[in-house]
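J.: Mind looking over this structure? Questions follow.
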Amino acid sequence: MVDTSIIAGGWLAAGLTIFIFSFLYRDNPFFKIAEHLYLGAGMGWLFQVSVNSVWIPKIWEPVSKGELLVIIPSVMGLTLLTQFIPKLSWMSRYGFTFMMGYGSGLAIPAGLSTDFMSQIAGTIKPFSLLASLSAMDIFNALLVAGGAICVLFYFFFSVEHKGHLKKVSNVGIYFLMVYFGAAFGNTVMARFSLLYGRFDDLFTFSGSNYFYATQVVLACMVLYFLLHGFFSGKKEDAAGEEAA
Amino acid sequence: MKDTLQKFFKIDRRWIFLLLTVTLFVPIVKPIGLPNKSISQATTRVYQNIEKLPAGSFVLLSLDYDPSTRPELHPMAMALVRHAFAKNLRVGVVTYIAGSTGLIEELFARVGKEYNKTYGADYVILPYQPNILAVMTQMASDLFGIYTSDRNGAPIGGMPVLKGVKSYKDMSLIVCVTGTAILDYWVAYVGDKYSVPVAGGVTAISQPGYGPYLQTNQLKGLIGGMKGAAEYESLIKQPGKGTSGIDALNLAHLLVLILILTSNIILLFVKYF
Amino acid sequence: MKLIKKHIPLAIVFVTGVLTLVSYYVPHKVSVDYIETMNKWENIVVAFAFLLGLISLFFSHYHKIKRKGDGWGYSLFVFIGFLAMIIPAYTSGGKQMVEGVLTPLGWAYKYIYTALSGTMFAVLAFYIVSTAYRSFRIKSPQAFVLFVAAFILILGKVPLGQIIWDSALGWTGQNAAGVIEWIMSVPAVAGKRGIMIGISIGAIVTSLKIIFGIEKQYMGKD
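Residue numbers (numbering that gives the first Met the number 0), protein chains in the order written: chain A, 0 to 243; chain B, 0 to 272; chain C, 0 to 221.
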């Protein structure tokens with residue numbers, strides 16, 4: 000019994016995965032179905048988690064026990080939905096301002112200490128330990144400090160960049176480029192890792208214990224494209240290739 | 000000659016898609032056998048921070064990733080939990096991403112059994128909460144103010160795993176594994192303010208952005224992407240999906256470099272010859 | 000009316016903002032009580048925010064079906080996908096696993112949600128490769144620096160790349176992992192730190208503007 004549900008799951012997962020990948024060849028109804036299912040399933044998941052983890056234990060249960068205070072934030076939350084009714088949309092301001100005030104109040108001290116002061120301190124700190132640093136460490140500390148200052152110059156000073164200022168901000172660009180280059184290199188790895196994950200699952204579903212789900216679905220998709228190409232003629236073919 | 004080159008440059012991109020599919024799929028079917036070789040300092044720091052904790056210490060894991068980043072983050076979360084269980088640490092799990100709940104279930108169903116750990120005594124999975132800032136701020140004074148029951152509705156008050164754990168003061172380490180900016184929140188709103196050690200595991204995309212926090216020690220260590228997962232698996236000597244993943248990525252990485260170089264050489268050629 | 004529509008909301012943002020800010024620096028019991036109440040309330044308010052997305056998604060697809068607009072049949076699948084999660088959630092009482100066995104909810108997550116969500120993002124890998132081939136142009140010194148950093152990372156992060164590096168550049172005495180470590184902890188830190196400090200100043204200014212009611216775009220038009 001359990002086995003059947005796992006095999007059925009494997010077929011479904013392999014099917015949905017290949018449907019989405021099929022877009023890489025050409026837009027098609029199977030992709031569109033999977034895409035729309037994704038939108039619905041994503042929302043459905045969020046909805047059920049919210050109901051089971053928040054609405055029932057945090058609102059419904061307290062209220063049914065007579066703890067009525069939670070009604071206040073619930074009503075504030077519900078005011079957000081008046082966004083959809085133009086005449087009443089001003090009510091949503093109560094919910095939004097409540098969230099924005101709290102968020103901003105927390106963000107100011109945290110931003111000031113973590114991303115501003117600590118970063119400046121972290122840039123300066125190595126220089127207080129100069130005696131114990133190697134020549135390479137000192138060079139690195141200078142590079143970090145100098146680089147960060149140049150980047151800030153590039154971003155900040157609203158004066159027109161001329162002469163020395165222009166040179167400083169130009170150096171800043173190079174540091175940014177190293178950062179973006181590193182980020183790009185890592186992005187390649189990240190994207191491939193995600194693809195590896197899906198391929199790895201497809202490989203699992205291609206086994207005899209799943210009755211070759213991957214191969215069968217893939218063959219069906221290929222057949223679909225062949226038949227579709229055959230019946231719809233060359234005209235659409237050209238259009239399809241352009242789209243891809 | 001020029002025309003042929005230009006044609007080659009403007010090749011239908013579906014050929015490139017096919018090439019990538021082959022270079023990534025073949026090593027999955029037939030592994031190359033080149034596992035991870037180097038271990039970065041940032042990953043080692045996470046390992047050491049867990050390694051030095053005495054048995055029974057409480058570690059909070061914030062597992063905030065959904066299936067979209069699963070291949071990178073699930074192996075590292077799994078390696079972290081294995082390490083914590085091997086060290087007999089108590090583990091509490093929180094999440095602020097609704098989509099991660101299923102992955103957390105899967106992880107603990109598997110690793111919990113491997114180490115013969117008992118739910119409620121050795122680990123607890125707390126329910127998803129929508130407002131991360133509110134929960135983080137609340138846990139500074141009393142986590143039971145927000146969390147009264149676990150993700151299946153069982154009351155957590157009497158669970159041995161949470162004995163003596165009320166706020167950040169009682170936690171030895173927080174590790175956040177995420178594909179979002181939630182790690183930044185842990186650093187800014189918790190680590191810096193309440194002086195709790197915070198370490199992280201992130202996707203390769205966001206990894207370079209955490210350099211400044213690592214340098215200032217605001218972040219006690221960082222595992223980055225599939226490579227980081229493979230590194231951590233090597234450190235705990237339990238190869239898993241991170242290790243096999245790195246093996247599979249070998250050829251695809253080279254493919255990208257070859258493609259970038261080829262296209263630039265073609266363009267140079269077309270321009271100057 | 001202006002009082003209810005505008006002034007009270009602005010007063011709310013000001014009062015909650017200032018009190019929350021002050022509570023950060025004042026560890027008094029009153030401020031702890033205040034922030035604890037706020038934490039619980041905020042957690043509930045935000046639990047409704049996602050309904051904005053849900054309702055607008057449903058509206059647009061409902062209208063499409065009603066008007067029989069282009070591809071309306073696909074819109075049905077939005078609702079099917081939604082029900083594919085909601086119905087098992089109801090029958091399983093929100094539990095994904097009971098005694099180590101997947102419930103229908105756990106099954107739906109593992110085989111439907113994981114496949115869809117994972118693959119949607121995995122597709123991007125193909126586009127980054129074709130973009131790398133077609134648009135990665137080394138035309139300026141800046142682009143060259145970007146290329147070198149990217150090249151080292153792409154090569155040096157995989158074992159095969161490290162082997163190639165060692166055989167080609169082993170004579171320099173530097174291995175790929177060491178160079179990557181240096182890039183990530185020195186020049187990339189400088190670049191990111193500049194951005195970080197810049198953004199933090201912007202964020203603090205914006206937060207202050209919100210609290211003092213100068214920035215109120217989020218409130219919509221009158």
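In this text, a Cβ means the ideal position worked out from N, Cα and C, and glycines have one as well.
#1: State the start and end residues of the unbroken beta strand (DSSP E) segment that holds P122 of chain B.
#2: Pull up the CB-CB distance for N185 of chain A and I204 of chain B, whole angstroms please, since I reckon it's below 8 Å.
#3: So, under 8 Å CB-CB, S91 of chain C and G41 of chain A are touching, yes? Tell me the CB distance rounded to an integer number of Å.
#4: Under a Cβ-count criterion, where at least 16 other Cβ atoms within 10 Å of its own Cβ denotes burial, should A121 of chain C be classed as buried or exposed?
#5: From this set, A:G43, A:V50, A:W44, which residue's C-alpha is nearest A46 of chain C's C-alpha?
#6: For P103 of chain C, which residues in the same chain have their Cβ closer than 7 Å to its Cβ, ignoring the five residues on either side in sequence?
#7: Quick check on the DSSP output: the alpha helix (DSSP H) that includes I153 of chain C runs from which residue to which?
#8: Taking C-alpha atoms, which residue in C:V17, C:Y108, C:A83 lies nearest to G98 of chain B?
#9: Sorted by chain position, which residues of the same chain lie with C-beta nearer than 8 Å to R136 of chain C's C-beta, five sequence neighbours on each side aside?
#10: Roughly how many angstroms lie between the CA atoms of Y193 of chain B and V134 of chain B, to the nearest whole one?
#11: Along the chain, where does the beta strand (DSSP E) containing F57 of chain B start, and where does it finish?
#12: Does any residue of chain A bring its CB to less than 8 Å from the CB of Q141 of chain C?
#13: Express the C-alpha separation of P196 of chain B and A247 of chain B in angstroms, rounding to a whole number.
#14: Expressed to the nearest angstrom, what Euclidean distance is found between the alpha-carbon atoms of K168 of chain B and I148 of chain A?
#15: Taking Cβ positions, are P186 of chain C and V177 of chain A nearer each other than 8 Å?
#16: Consult DSSP for Y118 of chain B and reduce its assignment to one of helix, strand or coil.
#17: For chain A, check one thing: does any of its Cβ atoms lie closer than 8 Å to the Cβ of H27 of chain C?
#18: To the nearest whole angstrom, what separates the beta carbons of L59 of chain B and G91 of chain B, a pair I think is in contact under 8 Å?
#19: For S131 of chain A, count the other beta carbons within 10 Å of its own beta carbon; 16 or more makes it buried, fewer makes it exposed. Which is it?
#20: Do you know how far the Cα of D183 of chain B is from the Cα of G119 of chain B?
#21: Using a C-beta cutoff of 8 Å, does W44 of chain A count as contacting chain B?
#22: Please state whether the Cβ-Cβ distance between T147 of chain B and Y127 of chain B is less than 8 Å.
#23: Would you say D26 of chain A faces chain C, with C-beta separation under 8 Å as the test?
#24: Hey, how far is the Cα of I111 of chain C from the Cα of W44 of chain A?
#25: Compare the C-beta of S103 of chain A with all C-beta atoms of chain C and state if any pair is closer than 8 Å.
#26: Quick one: what does DSSP say T177 of chain B is sitting in, helix, strand or coil?
#27: Need the endpoints of the alpha helix (DSSP H) that A48 of chain C sits in, please.
#28: Is the CB of V77 of chain C under 8 Å away from at least one CB in chain A?
#29: Taking 8 Å as the CB-CB limit, is T78 of chain A close to chain B?
#30: Considering only residues of the same chain and omitting the five flanking positions on each side of V170 of chain A, which have a CB-CB separation below 7 Å?
#31: Select from B:K240, B:F268, B:A251 the residue whose C-alpha is nearest the C-alpha of P74 of chain B.
#32: According to DSSP, simplified to helix, strand and coil, what is A187 of chain B?
#33: Distance check for I7 of chain C and V188 of chain C, CA to CA, integer angstroms please.
#34: Would you kindly work out how many angstroms separate the C-alpha atoms of V28 of chain B and F84 of chain B, rounded to a whole number?
#35: With DSSP as the reference, identify every bridge partner of G223 of chain B, one or two as the case may be.
#36: Measure the beta-carbon distance from H273 of chain B to G160 of chain C and round it to whole angstroms, keeping in mind my assumption that it falls under 8 Å.
T.: This is what the structure holds:
#1: For clarity, residue 122 of chain B is Tyr in the given sequence; the question names Pro instead. Here the beta strand (DSSP E) through Y122 of chain B covers 122-124.
#2: 6 Å
#3: Going by Cβ atoms, the distance from S91 of chain C to G41 of chain A rounds to 19 Å, so no, they are not a contact pair.
#4: buried
#5: A:V50
#6: P87, T90, S91
#7: 140-155
#8: C:Y108
#9: A142
#10: 14 Å
#11: 57-63
#12: yes
#13: 34 Å
#14: 37 Å
#15: yes
#16: strand
#17: no
#18: 5 Å
#19: exposed
#20: 29 Å
#21: yes
#22: no
#23: no
#24: 11 Å
#25: yes
#26: strand
#27: A48 of chain C -> no alpha helix (DSSP H), and no H or E assigned at all.
#28: yes
#29: no
#30: C149
#31: B:K240
#32: helix
#33: 44 Å
#34: 32 Å
#35: B:V201
#36: The displayed coordinates of chain B run from 0 to 272. Any statement about residue 273 of chain B would go beyond what the structure contains.
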